[in-house]
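**Student:** My structure is below; once you've seen it, I'll send some questions.
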Amino acid sequence: MNGHSNSKLGGNEAARDAKRLENFAALIGGWFWETDKDHRFCYMSASVETITGVKPEWHYGKSRQDLGTPASVDPQEW
Numbered sequence: 023m024n025g026h027s028n029s030k031l032g033g034n035e036a037a038r039d040a041k042r043l044e045n046f047a048a049l050i051g052g053w054f055w056e057t058d059k060d061h062r063f064c065y066m067s068a069s070v071e072t073i074t075g076v077k078p079e080w081h082y083g084k085s086r087q088d089l090g091t092p093a094s095v096d097p098q099e100w
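Here it is, written out as structure tokens:
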């Protein structure tokens with residue numbers, strides 16, 4: 023998935039886990055993401071590009087407010 027995950031798992035294991043998560047995202051017809059301690063996107067599943075037309079990497083380093091999500095949305099509900 024990302025450098026952080028790869029440091030915790032062996033290369034083959036990390037690749038297998040990333041593929042499993044991508045398959046899950048495709049199956050549910052959505053995408054998923056990971057944020058860092060500052061709530062900025064550090065991972066976005068590849069399916070986001072299929073759905074939105076925007077590459078996953080474009081999101082990295084941005085917060086949900088940077089993407090236009092209203093600050094009034096409860097973080098627990100978003």
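Numbering-wise (this note's numbering), the sequence shown opens with residue 23 and increments by one.
Even glycine gets a Cβ: it sits at the ideal position worked out from N, Cα and C.
Predicted model only: the values in this text are computed from it and were never measured.
Find the nearest neighbour of R86 within the set E71, M66, G75 and I73, judged by alpha-carbon distance.
**Tutor:** As a first step, residue 86 must be located in the sequence shown, where it is residue number 64. When the alpha-carbon of R86 is set against those of E71, M66, G75 and I73, the nearest one is in M66.
**Student:** Just tell me which of H81, W80, I73 and K77 has its CA closest to the CA of I50.
**Tutor:** As a first step, residue 50 must be located in the sequence shown, where it is residue number 28. I50 has its Cα closest to that of I73, out of H81, W80, I73 and K77.
**Student:** Which same chain residues, not among the five before or five after E35, have their C-beta less than 8 Å away from its C-beta?
**Tutor:** Counting from one through the sequence shown, the residue named residue 35 turns up at place 13. If we look at E35 and ignore the five residues flanking it on each side, it has no Cβ neighbours.
**Student:** Output needed for R62: all residues of its chain with C-beta closer than 7 Å, excluding positions within five of it in sequence on either side, in chain order.
**Tutor:** Here residue 62 is taken as the residue at index 40 of the sequence shown, counted from 1. Hits under 7 Å: G83, K84 and S85.
**Student:** What is the residue span of the beta strand (DSSP E) that W55 lies within?
**Tutor:** Reading the sequence shown from its first residue, position 33 is the one you call residue 55. Here the beta strand (DSSP E) through W55 covers W55 to T57.
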